[in-house]
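Colleague: Numbering (this note's numbering), first residue to last: 21 to 399.
The following block contains the structure, expressed as structure tokens.
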Amino acid sequence: MTEPLTINDLKNRAQRRVPKMFFDYADSGSWTETTYRANEADFADIKLRQRVLVDMTNRSLKSTMLGEEVAMPVALAPTGMTGMQHANGEMLAAQAAEEFGVPFTLSTMSICSIEDVASATKKPFWFQLYVMRDRGFVESLLERAKAAKCSALVLTLDLQVLGQRHKDIRNGLSAPPKFTPKHVWQMATRPAWCMGMLGTKRRSFGNIVGHVKGVGDLSSLASWTADQFDPQLSWDDVEWIRQRWGGKLILKGIMDSKDAEIAAKTGADALIVSNHGGRQLDGAPSSISVVEEIADTVGERIEVFMDGGIRSGQDVLKALCLGAKGVFIGRPFLYGLGAGGRQGVSKALDIIAKELDTTMALCGRRDIRTADKSMLYRK
Ligand SMILES: Cc1cc2nc3c(=O)[nH]c(=O)nc-3n(C[C@H](O)[C@H](O)[C@H](O)COP(=O)(O)O)c2cc1C
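Laid out in structure tokens, this is it:
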């Protein structure tokens, strides 16, 4: 089989290895998917300035995110059901991130639990929190993340209600998967995936099942989310969580400068410009199209990260030039995981790092921390 050279190569390979319902879960946005597509497409409109005859030796992609040293300013985004792209997916992705030297963020809605990921890694990882109506359960999640020595909490603000993803409904998505003829067929045609799943006990939501009274299996993600996620979440709750957590806090899902202003006053350490990878408010602009305004507004007061649509090192560089201190990737690592487990995630990181390094050099820079707007053509 030919060596994957791009994130798209990994995506194609993942499509051949992962059952349709789980591949579609990753490769989908809400409703018309306009925002999902714009997240990727809008990067193409940003043009990099080519510079020549500049010393390009001794280049460095090293930077910091939240004060932590990173091999490149690219973190793995929290993604639900990652352990359905590949058996033990969260543990393998966390190991690949640790080996590479970038942060891994575990979703509340993961298949492997906080404790599973802690047992598979040596360095601290980050934990993403969805706020449920049951505050006792939220507190217990925070305690478990602290016990696992998670070094930052990513609080997701843009999923108080769930945006509809048509593919998930049509596919009858669930974890563990149902055993209807359609689902059995989808799995039977992916034998390597099945072998992996037969070899693990982690096939449902590891942070939830067995930890919440009365929840034995979450067969319908959408209805459970509708019942449990708190639609009344407010800025006061952010303060409540900040106090209970007591460590580094990142607010995820900011798309508006006014919200960014409020976020900067909460005492949080960072915010992520994000529209949830085009999975929530369809019709919202792409993240890359608003990152500059938000970074200009609050970037001096709070660390600004972004995610959404990054598929190459060029995209990472453009986001950094526009003011992001670092970026998160969701689908690129999920495709790597689906394509080849831990090695596939390492491959995704390698591809992005090599593209970033060469692109930075061709723009005449040697240190990624110096990326700025002067490297772009301005309209
Ligand atoms: C399959 C999938 C599941 C996701 N689950 C979560 C989640 O559990 N929590 C969360 O905060 N964001 C979640 N996200 C959003 C990501 O954290 C991130 O914002 C998004 O993937 C970035 O866009 P990209 O995939 O284009 O890189 C999910 C995204 C995908 C693709």
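A virtual CB, placed ideally from N, CA and C, is assigned to each residue, including glycine.
Applying the 10 Å Cβ sphere with the 16-neighbour rule, what's the burial state of residue 204?
Modeller: Looking at its Cβ environment, which holds fewer than 16 other Cβ atoms inside 10 Å, residue 204 is exposed.
Colleague: Once the 5 residues before and after residue 350 are set aside, which same chain residues still bring their CB inside 7 Å of it?
Modeller: 97, 99, 297, 327
Colleague: Consult DSSP for residue 276 and reduce its assignment to one of helix, strand or coil.
Modeller: coil
Colleague: Have a look at 84, 211, 215, 138 and flag the residue whose alpha-carbon is nearest the alpha-carbon of residue 36.
Modeller: 211
Colleague: My understanding is that residue 137 touches residue 111, with C-beta atoms under 8 Å, so please give their C-beta distance in whole angstroms.
Modeller: Sure, about 6 Å apart at Cβ, within 8 Å.
Colleague: Taking 8 Å as the cut-off, decide whether the C-beta atoms of residue 355 and residue 34 are in contact.
Modeller: yes
Colleague: Just grab the DSSP bridge partners of residue 89 for me.
Modeller: 84
Colleague: Determine the burial state of residue 199: buried for a count of at least 16 other Cβ atoms within 10 Å of its Cβ, exposed for fewer.
Modeller: exposed
Colleague: Could you tell me whether any non-hydrogen atom of ligand 1 is closer than 7 Å to the CB of residue 211?
Modeller: no
Colleague: Could you check where the beta strand (DSSP E) with residue 26 kicks off and where it finishes?
Modeller: Where residue 26 is concerned, there is no enclosing beta strand (DSSP E), given that its DSSP letter is neither H nor E.
Colleague: Return helix, strand or coil for residue 141, following the three-state DSSP convention.
Modeller: In this structure, residue 141 counts as coil in the three-state DSSP scheme.
Colleague: By the three-class DSSP mapping on this structure, what secondary structure does residue 148 have?
Modeller: strand
Colleague: Measure how close the beta-carbons of residue 372 and residue 338 come, nearest whole angstrom, since I'm counting them as under 8 Å.
Modeller: With 8 Å as the limit, residue 372 and residue 338 do not qualify as a contact, their Cβ atoms being about 13 Å apart.
Colleague: Rounded to the nearest angstrom, what separates residue 226 and residue 366 at their Cα positions?
Modeller: 24 Å
Colleague: Rounded to whole angstroms, what is the Cα-Cα separation between residue 301 and residue 77?
Modeller: Each residue's Cα considered, the two are about 44 Å apart.
Colleague: Unbroken beta strand (DSSP E) runs of length 3 or more, entirely within the region 285-329: which are they?
Modeller: 290-293, 323-327
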